[in-house]
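Chemist: Structure incoming, see below.
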Amino acid sequence: MDNIIDISLMQIFTAFIFVLILLIIVKREHIGGEWEIILANIRMTVQLILVGYLLTYIFANPNLVFTVIILLLMQGFAIQNIYGRINKRISTDLKKIVAIAMFTGTTITILYFVLIVINLKPWFQPQYFIPLAGMLIGNSMTGISLGIEGLINGIKDNQAMIENALMLGGKPELITKDITGRAFYQAILPTINSMMGMGIVFLPGMMTGQILAGAAPLTAIKYQIVIMLGILGSVTLTVYIMIKWGAKTFFNERSQISISQN
Amino acid sequence: MFKLTAVKYKDILDIKDLKIEEKKITCIVGKSGGGKTTLLKLLNNMVSCDSGLLKFKGQKISDYNPIQLRREIIMLPQNPIMFSTTIKDNFTKTLKYTGNELRSENNYVNLLKKLDLEHNLATDTIKLSGGEKQRLALARVLLLKPKILLLDEPSSALDEDTEKFIIKMVVNYIKENNGTLIMVTHSRSIADEYGDTIITLNNGQIENVEKRR
Ligand SMILES: Nc1ncnc2c1ncn2[C@@H]1O[C@H](COP(=O)(O)OP(=O)(O)O)[C@@H](O)[C@H]1O
Ligand SMILES: [Mg+2]
Chain A
190 MDNIIDISLM QIFTAFIFVL ILLIIVKREH IGGEWEIILA NIRMTVQLIL VGYLLTYIFA
250 NPNLVFTVII LLLMQGFAIQ NIYGRINKRI STDLKKIVAI AMFTGTTITI LYFVLIVINL
310 KPWFQPQYFI PLAGMLIGNS MTGISLGIEG LINGIKDNQA MIENALMLGG KPELITKDIT
370 GRAFYQAILP TINSMMGMGI VFLPGMMTGQ ILAGAAPLTA IKYQIVIMLG ILGSVTLTVY
430 IMIKWGAKTF FNERSQISIS QN
Chain B
2 MFKLTAVKYK DILDIKDLKI EEKKITCIVG KSGGGKTTLL KLLNNMVSCD SGLLKFKGQK
62 ISDYNPIQLR REIIMLPQNP IMFSTTIKDN FTKTLKYTGN ELRSENNYVN LLKKLDLEHN
122 LATDTIKLSG GEKQRLALAR VLLLKPKILL LDEPSSALDE DTEKFIIKMV VNYIKENNGT
182 LIMVTHSRSI ADEYGDTIIT LNNGQIENVE KRR
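Put into structure tokens, the structure is as follows:
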């Protein structure tokens, strides 16, 4: 990685011309939202500068505690993000299960990934651990958001049918099997689809980044293949835990449907 | 068989004392909104009372496994919902939901015949009329051979003949199998014709219990 072209400060400024174009259009056409665009650009720049310095420090001083704290922060942030994304009232039980699913699912996958798949030494080496964990957590977050939407809608839309099936002695987990299956599939579909188009329809961000940073394409694709599989594993595990346990929260201990709290 | 003492559920039901006998036909009548459906749901364990005591065969209903109990005491709701597209799938889903083995198609066909449903198993339930759907829902219940059947009044949207037919079928099944029937009906004449006991429920309270046989 010795042939990386660094970008000078001046060059960065020349890229802001694109923002200027957008602002001019928005202003001329009275579309509005100038301040939001300006704020978004300031936030992006400031946030990235901070992250840049933070990562520089962390990479220079690999430390188990730092890595674990960052992992927990990313997981916590992702869980909060899921709560925010769901535009429905969800029960505290379901919230707990989302948190447990995110935490256990992503932790298990990232550990397997760094310990066994890429055999990272030391395993908490932040330069690898943090971006890899970030990708697994980010994709699992999207998966869980979709899965929970599918689960809640599936149960609410079929409430009368579920009630009818309970009345004749059906078991909640058997009655909701089709619904949970559909919700699961809906949640993993984007991951499957992105694997389908990989390399043809688009070059994934991580691979593009590695290549721009000077890595050989063949190295980059090897990373891309394993990370895609890692993402698949993490999404599968988190969504499966969430849906299996989450479906139970719609029933009480007397196997009565209790949707009102959800 | 059922014994209710000082049972309260929200502000919907307030039943001081009520017994429902085994191997009899009990009809429940009363004005709409009086709590008849809620009473059936209580017996079927779809809701639990807030206070008071509900006993089934001498034991508190909450001591039973709720799912096992519902297989013994099945409730056919006022407006049954189809489980799936085809008639056959409605039977197979019923068996799957209750953890039963699937049966041969002959079983299903015989039930359809018994209920006078002249459709084949592949028929899409979307094509069935309200009365036919109600009969299919009854067929699903009979497939499970309940000992006790709770029948909520067939929707008022249905014609009288369909309702009479369904009730006649259910009564025959109960008599043949020495079972118990508890049915809500808006029709006094049906209650008079079949009821061994007629309970009048209004505003969540038992107004009258008439023992006729
Ligand atoms: N799930 C429920 N939550 C709150 N109130 C309900 C619910 N179901 C029914 N009710 C109310 O309880 C009363 C009795 O309803 P119901 O048992 O359906 O009466 P009926 O079957 O005699 O017409 C009605 O006032 C109804 O609006
Ligand atoms: Mg009713």
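First to last, the sequence lines map onto chains A and B. Going by our numbering, the residue at position 42 of the first sequence is 231; the numbering climbs one at a time, nothing skipped. Going by our numbering, the residue at position 4 of the second sequence is 5; the numbering climbs one at a time, nothing skipped. Backbone N, C-alpha and C fix where the C-beta goes; we use that ideal spot for every residue, glycine too.
(1) With DSSP as the reference, identify every bridge partner of residue 28 (chain B), one or two as the case may be.
(2) Under 8 Å Cβ-Cβ, which residues of chain A neighbour residue 91 (chain B)?
(3) Flag residue 37 (chain B) as yes when its Cβ comes closer than 7 Å to any non-hydrogen atom of ligand 1, and as no otherwise.
(4) Under DSSP, the beta strand (DSSP E) around residue 211 (chain B) begins and ends at which residues?
(5) Is any non-hydrogen atom of ligand 1 found closer than 7 Å to the C-beta of residue 31 (chain B), if you look at the structure I gave you?
(6) Please name the residues in the region 28-54 of chain B whose beta-carbon is closer than 7 Å to at least one beta-carbon of chain A, in chain order.
(7) Using beta carbons (cut-off 8 Å, strictly below), is residue 98 (chain B) in contact with chain A?
(8) I want to see whether chain A comes within less than 8 Å of residue 136 (chain B), judged by CB atoms only; does it?
(9) Since residue 6 (chain B) is in the beta strand (DSSP E), which residue starts that stretch and which ends it?
(10) Taking 8 Å as the limit between beta carbons, can you name the residues of its chain near residue 135 (chain B), skipping five residues before and five after?
(11) For ligand 1, any of its heavy atoms closer than 7 Å to the Cβ of residue 11 (chain B)?
(12) Using only CA atoms, which one of A:436, A:203, A:427 lies nearest to residue 294 (chain A)?
(13) In three-state DSSP terms, what is residue 139 (chain B)?
(14) Taking 7 Å as the cut-off, is the CB of residue 132 (chain B) close to at least one heavy atom of ligand 1?
(15) Does at least one heavy atom of ligand 2 sit under 7 Å from the Cβ of residue 48 (chain B)?
(16) Short of 9 Å Cβ to Cβ, which residues in the region 430-450 of chain A face chain B?
(17) Assuming residue 329 (chain A) is part of the alpha helix (DSSP H), what are its boundary residues?
(18) Is any heavy atom in ligand 2 found nearer than 7 Å to the beta carbon of residue 153 (chain B)?
(19) Please report how far the alpha carbon of residue 94 (chain B) lies from the alpha carbon of residue 84 (chain B), in whole angstroms.
(20) Measuring CB atoms only, is the region 183-203 of chain B touching the region 18-36 of chain B, in the sense that at least three cross pairs come out at less than 8 Å?
(21) With a threshold of 7 Å, establish whether the CB of residue 327 (chain A) neighbours any heavy atom of ligand 1.
(22) For residue 74 (chain B), which residues of its own chain have a beta-carbon under 6 Å away from its beta-carbon, when the five flanking residues on both sides are left out?
(23) How long is the line joining the alpha carbons of residue 423 (chain A) and residue 305 (chain A), rounded to whole angstroms?
(24) Does residue 95 (chain B) have its Cβ less than 8 Å from a Cβ in chain A?
(25) Determine, using beta carbons only, whether residue 144 (chain B) and residue 88 (chain B) come nearer to each other than 8 Å.
(26) For a quick check, are the C-beta atoms of residue 98 (chain B) and residue 363 (chain A) less than 8 Å apart?
(27) So which residues of chain B does residue 353 (chain A) contact, with C-beta pairs closer than 7 Å?
(28) Taking a Cβ distance cut-off of 7 Å, strictly less, list which residues of the region 354-379 of chain A are near chain B, in chain order.
(29) Select from the region 320-351 of chain A all residues with a C-beta closer than 7 Å to any C-beta belonging to chain B, and list them in chain order.
Modeler: Let's see:
(1) B:184, B:199
(2) The premise fails here: residue 91 (chain B) is roughly 11 Å from chain A at the closest Cβ pair, so nothing lies under 8 Å.
(3) yes
(4) 206-212
(5) yes
(6) 45, 46, 47, 48, 49
(7) yes
(8) no
(9) 3-10
(10) 81, 155, 156, 159, 163, 167
(11) yes
(12) A:427
(13) helix
(14) no
(15) no
(16) 441, 442, 443, 444, 445, 446
(17) 315-346
(18) yes
(19) 7 Å
(20) yes
(21) no
(22) 45, 149
(23) 15 Å
(24) yes
(25) no
(26) yes
(27) 78, 81, 82
(28) 354, 355, 356, 357, 358, 359, 360, 363, 364
(29) 349, 350
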